[in-house]
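Counting from 1, position 250 in the sequence shown corresponds to residue 250 in the UniProt record's numbering; the numbering is continuous, with no gaps.
By construction, the Cβ of each residue, glycine as well, lies at the ideal position given by its N, Cα and C atoms.
Here is the structure we will look at.
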Amino acid sequence: MSANIIKYRKAFDTSQTLLDITGTDEFPLDFDVLFSKKKGAQILVSSLKDYNTWISSKNLQKWVPLFIADAKCFYYSDRDTYMIIYNECRPEARIRFSLAHELGHIVLEHLNDERTELSRGGVDDPTYYAMEGAANTFAGNLLAPPILIDDFLSGSKFDVERISTRFNISPSATKAYRAEDYKYWKSLTPSKHEKAILKRCHSALHKHICIDCGATFEIEGSLFCPICGASSSSLYYRGKDSVDVIYPGVELNKSGQAKQCVQCKNEEHLEKSTYCMICGKTIVNQCTYAIANNVPCEYNPCSHDEPLPGNARFCPYCGSETTFLKDGVLRPWDAPQKPRLFAALDSEEDDSPLPF
Ligand SMILES: [Zn+2]
Ligand SMILES: [Zn+2]
Ligand SMILES: [Zn+2]
Ligand SMILES: [Zn+2]
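In structure tokens form, the structure reads like this:
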């Protein structure tokens with residue numbers, strides 16, 4: 001299989017231009033928002049069930065229910081309006097692809113006054129298949145722009161499950177088509193529209209919520225929850241406007257060292273030092289695996305020895321413990337708020353006499 005972008009370059013460029021000029025700033029793509037921002041002719045969307053109910057209410061005698069395998073678009077030239085009808089029985093990811101595909105036919109101007117609907121018998125075969133190929137290329141790259149896949153992966157391997165979850169597209173389409181297009185795209189120079197999409201979406205693209213511990217975090221290329229160590233199957237995208245749940249941690253200085261040593265409160269650290277020069281406590285949070293195996297090679301699953309966030313208990317790239325957790329700078333995320341001994345003493349702080 002070869003990349004569709006090569007064959008249908010115009011369809012690819014059009015998909016990226018549309019995302020930019022409509023100001024799309026969040027993925028998975030929200031079709032309601034996209035359709036409302038698209039200029040020009042109105043686009044109506046209906047499920048097959050609603051469409052058939054509507055038609056039957058208008059003309060019961062002559063009514064034959066319409067059947068559509070996935071989706072179809074009709075153009076009403078008298079009203080300059082498009083109507084996309086989709087089969088609501090299909091899985092969600094497939095419906096989303098179908099909507100994007102039909103939008104492709106509209107934006108690529110496959111429909112017009114003479115050709116108000118597309119069907120295999122309506123045009124000659126080569127034209128029909130070329131239009132289908134173009135609409136598919138448009139759809140796939142609209143739903144998951146390669147520049148965002150690239151940013152989302154941040155150097156990690158092309159992971160079908162992570163990408164299909166993040167962009168709400170089917171794993172099979174991701175494996176076959178997104179992978180091929182992405183591989184070819186890496187040889188291209190991004191257009192100004194693609195760069196604008198990246199700029200607008202970059203921050204929200206890396207916002208995650210962990211369903212195991214409830215933490216939210218924003219770390220590029222993270223494969224594990226930095227708080228509880230859960231793997232990527234527990235990590236979900238959270239909307240850009242959702243509330244943050246930040247676990248407490250150690251405040252860091254610009255070099256990634258603890259501002260204040262958690263043990264002796266010393267604030268003076270030598271440049272590049274990872275231990276407190278007064279008491280010897282760890283002051284930099286690092287992946288324990290990466291610093292123990294600091295020879296990057298292809299068998300080394302983690303070479304991230306850079307300072308990690310002050311609340312990370314686990315390395316977000318490989319799931320190993322961090323030095324802050326291992327050395328007792330941070331307590332496990334699910335540990336009780338205070339060690340039991342101190343909690344017990346605190347509760348007896350009233351002036352009841354000591355039992356001795
Ligand atoms: Zn089509
Ligand atoms: Zn977690
Ligand atoms: Zn210290
Ligand atoms: Zn690591």
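Any heavy atom of ligand 2 within a distance shorter than 7 Å of the CB on residue i?
{"i": "I227", "result": "yes"}
{"i": "A230", "result": "yes"}
{"i": "D212", "result": "yes"}
{"i": "A312", "result": "no"}
{"i": "A215", "result": "yes"}
What's the C-alpha gap between residue i and residue j?
{"i": "H110", "j": "Y82", "result": "12 Å"}
{"i": "E102", "j": "Q257", "result": "53 Å"}
{"i": "S46", "j": "T17", "result": "26 Å"}
{"i": "I169", "j": "E132", "result": "18 Å"}
{"i": "F356", "j": "I227", "result": "Only weak support is given to the placement of F356: the predicted model assigns it a pLDDT of 46, under 50, and the value that follows is read from those uncertain coordinates. Going from the Cα of F356 to the Cα of I227 covers about 42 Å."}
{"i": "P353", "j": "M277", "result": "For P353, the predicted model reports a pLDDT of 47, less than 50, meaning its position is unreliable and no value from the coordinates is stated."}
{"i": "G239", "j": "E114", "result": "42 Å"}
{"i": "A312", "j": "K281", "result": "17 Å"}
{"i": "E349", "j": "K259", "result": "Below a pLDDT of 50, predicted positions are generally treated as unreliable, and E349, at 47, falls in that range; the measurement from the model is reported next regardless. Cα to Cα, the separation comes out at about 31 Å."}
{"i": "residue 362", "j": "I163", "result": "Given a span of 1 to 356 for the chain in the structure shown, any question on residue 362 remains unanswerable."}
{"i": "I246", "j": "V123", "result": "57 Å"}
{"i": "K10", "j": "T322", "result": "47 Å"}
{"i": "K186", "j": "P126", "result": "29 Å"}
{"i": "D334", "j": "H105", "result": "52 Å"}
{"i": "P332", "j": "F314", "result": "10 Å"}
{"i": "F158", "j": "S232", "result": "13 Å"}
{"i": "D244", "j": "T165", "result": "21 Å"}
{"i": "C302", "j": "A139", "result": "35 Å"}
{"i": "Y86", "j": "D50", "result": "10 Å"}
{"i": "S255", "j": "E306", "result": "10 Å"}
{"i": "L153", "j": "Y182", "result": "11 Å"}
{"i": "S119", "j": "I211", "result": "45 Å"}
{"i": "A176", "j": "N266", "result": "55 Å"}
{"i": "I68", "j": "K39", "result": "27 Å"}
{"i": "T189", "j": "C264", "result": "52 Å"}
{"i": "R96", "j": "E268", "result": "55 Å"}
{"i": "L235", "j": "C318", "result": "14 Å"}
Let me check you understand the geometry: is the CB of residue i closer than 7 Å to at least one non-hydrogen atom of ligand 4?
{"i": "S290", "result": "It is Ala, not Ser, that sits at residue 290 in the sequence shown. Yes, since a heavy atom of ligand 4 falls inside the 7 Å radius drawn around the Cβ of A290."}
{"i": "S154", "result": "no"}
{"i": "S320", "result": "yes"}
{"i": "C201", "result": "no"}
{"i": "C315", "result": "yes"}
Considering only their Cβ atoms, is the gap separating residue j from residue i smaller than 8 Å?
{"i": "K207", "j": "Y237", "result": "yes"}
{"i": "C201", "j": "L148", "result": "yes"}
{"i": "residue 366", "j": "A41", "result": "Given a span of 1 to 356 for the chain in the structure shown, any question on residue 366 remains unanswerable."}
{"i": "V250", "j": "G328", "result": "no"}
{"i": "L29", "j": "L108", "result": "no"}
{"i": "E26", "j": "A204", "result": "yes"}
{"i": "T137", "j": "F35", "result": "no"}
{"i": "C73", "j": "I55", "result": "no"}
{"i": "F324", "j": "N285", "result": "yes"}
{"i": "S320", "j": "T288", "result": "yes"}
{"i": "P171", "j": "E180", "result": "no"}
{"i": "T53", "j": "K37", "result": "no"}
{"i": "A71", "j": "S98", "result": "yes"}
{"i": "F66", "j": "L44", "result": "Strictly speaking, residue 66 in this sequence is Leu, with Phe absent from that position. No, they are not a contact pair."}
{"i": "A290", "j": "H304", "result": "yes"}
Tell me whether residue i, by its Cβ, gets closer than 7 Å to a heavy atom of ligand 1.
{"i": "E132", "result": "yes"}
{"i": "A135", "result": "yes"}
{"i": "L206", "result": "According to the sequence provided, residue 206 is His. The question's Leu does not apply to it. Incorrect: H206 has no Cβ contact closer than 7 Å to ligand 1."}
{"i": "residue 357", "result": "Coverage of the chain is limited to positions 1 through 356, which leaves residue 357 absent and any answer about it impossible."}
{"i": "L103", "result": "no"}
Tell me whether residue i, by its Cβ, gets closer than 7 Å to a heavy atom of ligand 3.
{"i": "C287", "result": "no"}
{"i": "C302", "result": "no"}
{"i": "K259", "result": "no"}
{"i": "N266", "result": "yes"}
{"i": "residue 385", "result": "Outside the modelled stretch of the chain, which goes from 1 to 356, sits residue 385, for which no answer is possible."}
{"i": "Q263", "result": "yes"}
Counting contacts by CB-CB distance shorter than 8 Å, is residue i in contact with chain B?
{"i": "N52", "result": "Going by chain labels, chain B is absent from the structure shown, which holds only one protein chain."}
Can you find a heavy atom of ligand 6 that lies under 7 Å from the Cβ of residue i?
{"i": "L111", "result": "Ligand 6 is not among the ligands present in this structure, which contains only ligand 1, ligand 2, ligand 3 and ligand 4."}
Given 8 Å, three or more beta-carbon pairs between the segment 210 to 223 and the segment 2 to 12: no
Cβ pair count under 8 Å reaching 3, the segment 137 to 151 against the segment 186 to 200: yes
Alpha helix (DSSP H) runs wholly inside the segment 75 to 155, at least 4 long, in chain order: 92 to 107, 125 to 143 and 146 to 153
Whole runs of the alpha helix (DSSP H) within the segment 241 to 289, excluding any shorter than 4 residues: none
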